[in-house]
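Colleague:
There are 2 protein chains.
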Amino acid sequence: MKMLINVAESVVADALRGMAAAHPELTVDVENRVVVRRDAPVAGKVGLVSGGGSGHEPLHGGFVGPGMLSAACPGEVFTSPVPDQMVRAAAAVDSGAGVLFIVKNYTGDVLNFDMAAELAADEGIRIAKVLVDDDVAVTDSLYTAGRRGTGATLFVEKIAGAAAEEGQPLEQVEALARQVNESSRSFGVALSACTTPAKGSPTFDLPAGELELGVGIHGEPGRERRAMMTSREIADFAVNAVLDDMSPRNPVLLLVNGMGATPLLELYGFNAEVQRALTERGVAVARTLVGNYVTSLDMAGASVTLCQVDEELLRLYDAPVRTPGLRWGV
Amino acid sequence: MKMLINVAESVVADALRGMAAAHPELTVDVENRVVVRRDAPVAGKVGLVSGGGSGHEPLHGGFVGPGMLSAACPGEVFTSPVPDQMVRAAAAVDSGAGVLFIVKNYTGDVLNFDMAAELAADEGIRIAKVLVDDDVAVTDSLYTAGRRGTGATLFVEKIAGAAAEEGQPLEQVEALARQVNESSRSFGVALSACTTPAKGSPTFDLPAGELELGVGIHGEPGRERRAMMTSREIADFAVNAVLDDMSPRNPVLLLVNGMGATPLLELYGFNAEVQRALTERGVAVARTLVGNYVTSLDMAGASVTLCQVDEELLRLYDAPVRTPGLRWGV
Numbered sequence: 221m222k223m224l225i226n227v228a229e230s231v232v233a234d235a236l237r238g239m240a241a242a243h244p245e246l247t248v249d250v251e252n253r254v255v256v257r258r259d260a261p262v263a264g265k266v267g268l269v270s271g272g273g274s275g276h277e278p279l280h281g282g283f284v285g286p287g288m289l290s291a292a293c294p295g296e297v298f299t300s301p302v303p304d305q306m307v308r309a310a311a312a313v314d315s316g317a318g319v320l321f322i323v324k325n326y327t328g329d330v331l332n333f334d335m336a337a338e339l340a341a342d343e344g345i346r347i348a349k350v351l352v353d354d355d356v357a358v359t360d361s362l363y364t365a366g367r368r369g370t371g372a373t374l375f376v377e378k379i380a381g382a383a384a385e386e387g388q389p390l391e392q393v394e395a396l397a398r399q400v401n402e403s404s405r406s407f408g409v410a411l412s413a414c415t416t417p418a419k420g421s422p423t424f425d426l427p428a429g430e431l432e433l434g435v436g437i438h439g440e441p442g443r444e445r446r447a448m449m450t451s452r453e454i455a456d457f458a459v460n461a462v463l464d465d466m467s468p469r470n471p472v473l474l475l476v477n478g479m480g481a482t483p484l485l486e487l488y489g490f491n492a493e494v495q496r497a498l499t500e501r502g503v504a505v506a507r508t509l510v511g512n513y514v515t516s517l518d519m520a521g522a523s524v525t526l527c528q529v530d531e532e533l534l535r536l537y538d539a540p541v542r543t544p545g546l547r548w549g550v
Numbered sequence: 221m222k223m224l225i226n227v228a229e230s231v232v233a234d235a236l237r238g239m240a241a242a243h244p245e246l247t248v249d250v251e252n253r254v255v256v257r258r259d260a261p262v263a264g265k266v267g268l269v270s271g272g273g274s275g276h277e278p279l280h281g282g283f284v285g286p287g288m289l290s291a292a293c294p295g296e297v298f299t300s301p302v303p304d305q306m307v308r309a310a311a312a313v314d315s316g317a318g319v320l321f322i323v324k325n326y327t328g329d330v331l332n333f334d335m336a337a338e339l340a341a342d343e344g345i346r347i348a349k350v351l352v353d354d355d356v357a358v359t360d361s362l363y364t365a366g367r368r369g370t371g372a373t374l375f376v377e378k379i380a381g382a383a384a385e386e387g388q389p390l391e392q393v394e395a396l397a398r399q400v401n402e403s404s405r406s407f408g409v410a411l412s413a414c415t416t417p418a419k420g421s422p423t424f425d426l427p428a429g430e431l432e433l434g435v436g437i438h439g440e441p442g443r444e445r446r447a448m449m450t451s452r453e454i455a456d457f458a459v460n461a462v463l464d465d466m467s468p469r470n471p472v473l474l475l476v477n478g479m480g481a482t483p484l485l486e487l488y489g490f491n492a493e494v495q496r497a498l499t500e501r502g503v504a505v506a507r508t509l510v511g512n513y514v515t516s517l518d519m520a521g522a523s524v525t526l527c528q529v530d531e532e533l534l535r536l537y538d539a540p541v542r543t544p545g546l547r548w549g550v
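First to last, the sequence lines map onto chains A and B.
The first sequence: position 320 = 540 (this note's numbering), numbered continuously.
The second sequence: position 74 = 294 (this note's numbering), numbered continuously.
1. Name the two residues that bound the continuous alpha helix (DSSP H) containing R367 of chain A.
2. Could you give the uninterrupted runs of the beta strand (DSSP E) lying entirely in the segment 407-495 of chain B, keeping only those of 3 residues or more?
3. Would you mind telling me which residues of chain A sit closer than 8 Å to V231 of chain B, beta carbon to beta carbon, in chain order?
4. In the DSSP assignment, what are the bridge partners of I322 of chain B?
5. Work out the CA separation of D334 of chain B and T525 of chain B for me, nearest whole Å.
6. In chain order, what residues of the segment 261-289 of chain B put their CB closer than 7 Å to some CB of chain A?
7. With 8 Å set as the bound, which would you pick, yes or no: does the beta-carbon of I454 of chain A sit closer than that to a beta-carbon of chain B?
8. Rounded to a whole number of angstroms, what is the C-alpha to C-alpha distance between P540 of chain A and M479 of chain B?
9. Can you give me the Cβ contacts of A384 of chain B inside the same chain, cut-off strictly under 7 Å, excluding the 5 residues immediately before and after it?
10. Taking all protein chains shown into account, decide if P483 of chain A is buried (16 or more other Cβ within 10 angstroms of its Cβ) or exposed.
11. What does V284 of chain B pair with, by DSSP beta-bridge criteria?
12. In three-state DSSP terms, what is T499 of chain B?
13. Tell me where the beta strand (DSSP E) around G521 of chain B begins and ends.
14. Hey, how far is the Cα of G295 of chain A from the Cα of S274 of chain B?
15. With DSSP as the reference, label V307 of chain B as helix, strand or coil.
16. So A497 of chain B and D456 of chain B are supposed to be a Cβ contact under 8 Å. How far apart are they, rounded?
17. Is the segment 233-249 of chain A close to the segment 500-512 of chain A, with three or more CB pairs under 8 Å?
18. Residues of chain D with CB closer than 8 Å to the CB of T450 of chain A, please, in chain order.
19. How close, in whole Å, do the beta carbons of V358 of chain A and R443 of chain A come, if the pair is a contact with beta carbons under 8 Å?
20. Using the Cβ count rule (16 or more neighbours within 10 Å means buried), how would you classify N477 of chain B?
21. Report the rounded CA-to-CA distance for D530 of chain B versus L374 of chain B, giving the unit in angstroms.
22. Going by C-alpha distance, which of A:L396, A:T515, A:A397, A:M448 is nearest G436 of chain A?
23. Would you mind telling me which residues of chain A sit closer than 7 Å to T508 of chain B, beta carbon to beta carbon, in chain order?
24. Restricting to Cα atoms, I'd like to know which of A:G369, A:L517, A:E377 is closest to G285 of chain A.
25. Rounding to the nearest angstrom, what Cα-Cα distance links F298 of chain B and D234 of chain B in this structure?
26. Please look up how many angstroms separate the CB atoms of P301 of chain A and N332 of chain A, rounded, as I've assumed it's under 8 Å.
27. Applying a beta-carbon distance threshold of less than 9 Å, which residues of chain A neighbour L433 of chain B?
28. Report the CB separation of S523 of chain A from E440 of chain A in whole angstroms; it is logged as a contact under 8 Å.
29. Which partner residues does S404 of chain A have in the DSSP bridge list?
30. Look at the Cβ atom of A492 of chain A, then the Cβ atom of L411 of chain A, and state whether they are nearer than 8 Å.
31. Within 8 Å of any Cβ in chain B, is that where the Cβ of A397 of chain A sits?
32. What is the residue span of the beta strand (DSSP E) that V254 of chain A lies within?
33. Would A481 of chain A pass as an interface residue toward chain B - the criterion being a Cβ-Cβ separation below 8 Å?
34. What in chain A is Cβ-close to A235 of chain B, meaning under 7 Å?
35. From the DSSP output, read off the bridge partner residues of P294 of chain A.
36. Name, in chain order, the residues that DSSP records as bridge partners for L246 of chain A.
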């Protein structure tokens, strides 16, 4: 498998150097692997810290900036960052108003953020945590006890980020983040496996002519394999899987997310089918985001995330955001 | 080859339906295949129209909006749109101040935009045209007489779009677009071929362990094939190819563009090497853009575009833009 890299060992450091060069509005600490918004800590405002394995870009580093994350800690590819990174990030962004850790539900991330929360508390930083576990495909998996955290992470980071930017207190930012997670469900499909730099070959074996329904963002197995389906059939399957697990009475935010290697042309076409399926099920879509946001390296495929929103969540979603990966209203 | 589509015949129409659903701020005419900013025509302002084969998204439809294109005409995949689309787009955006056609240098596009310019003139619309031909890799190719138009299209559309938004007259917007093209050079590499929906198999055969240096955005052959190179070596090759053809005295805009299937993690790492190579050659970078902007379906690879800017071009580049694919300052 060919990659645009030097050596596997330096992939994350190289990417951080390139991110630093492209984004002078961020402080990128390449050595310690922390990406921080340049104006942190912001007086009187709660800091938001997330992180996880690399390979899901723009998540999380690309979501650092006014209106979203205060800092991100990238681990090695598909590997949790370590507590030291998280504590360093918390210290960099804490203005005294406290810090919220946004943690995708993978065993390594959960353990390391737990440890970091203790260490940061020892340093006098007030820490709250929220777990993201939106993926309805499977319960328990290769990397997870319970459900996996996937596309809803974007909505949690966006909405909690807007609340923090407004100066809402830690308890309220935490409660909002929890509400967003509880209001969100996701389902993903893979048309191809991804290849990590360290392994150099596909992480799983997906035969020609088959797709994986319910795949995770590291290529973890899903619910089942089937003969290749049309965009329409996949949209129906994904929407049904999500709606089997939630019954939105309010409008939803819709994320039609590419896994990395699926062309935008196909993602837009898939969005048309997802919207049709939602309309048939009586679900109103308030906002739609189509693109590669929570990726899995070079995996082909897509995921669908719905987040049920009330007026307040929608207002916070629409609030200005200025990050490399998501930007509007400013 | 698996794709997230219904049938090859409906790929473009499906994508436009999905685009319409995701972007209420655009008017998407699915039947006639024209994407127009919703507030067009804007009184007193020059209209900017571009277009070309689909498969390069977000180019061009994703660059429609305030501060960039007024309208885009998507053709079938890798196939020029037809004059009817272009005339319809020109009529939709002309406020009386005239319309600039921005044409990538491919034989079909050039012929069709020429014909459209005559037809639009017959309808009383003042038309100017600018040709984009920035790719230094080859002269003449499968689709082209002269050089191909690739990454510089983004800079031409952005800077001419800002000038039009300010109310600059047609002659001046045209002159700026021409200046941007003449100040820009690009070079691309492919690590894999792309697959068109109609063909269903890779457009060319690239053996394992080799890369194509100087590839076009339709997978047209480049300068040569070599055994796979590191990110550092590819950056040196691309930067040298570009700088063999231009000697920037001023700072440059840098676009490190993904061809579609290369992960953002790798693109950022590649950016670090491109910046190093430019520093070694004494070239100052004023602004950097890293991401998938001028793509080639699911091709893996990247391109490097430099655009030498004076203070005025830089000011126009920095001006607010609000499109699905490029957005800042608003």
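Glycine residues also receive a C-beta, built at the ideal position from the N, C-alpha and C atoms.
Modeller: So, from the listed chains and residues:
1. Unbroken run through R367 of chain A: none, as it is neither H nor E.
2. 430-433, 444-447, 472-478
3. L485, E486, G489
4. B:S270, B:V350
5. 26 Å
6. S274, G275, E277, P278
7. yes
8. 29 Å
9. K265, V266, L268, V393
10. buried
11. B:L289
12. helix
13. 521-528
14. 36 Å
15. helix
16. 5 Å
17. no
18. Any reference to chain D falls outside this structure, whose protein chains are A and B.
19. 6 Å
20. buried
21. 17 Å
22. A:T515
23. A241, A242
24. A:E377
25. 16 Å
26. 7 Å
27. Within chain A, no residue comes near L433 of chain B; the closest Cβ sits about 13 Å away, beyond 9 Å.
28. Wrong, their Cβ atoms sit about 13 Å apart, outside the cutoff.
29. A:C527
30. no
31. no
32. 254-257
33. yes
34. L485, Y488, G489
35. A:G272
36. A:R257
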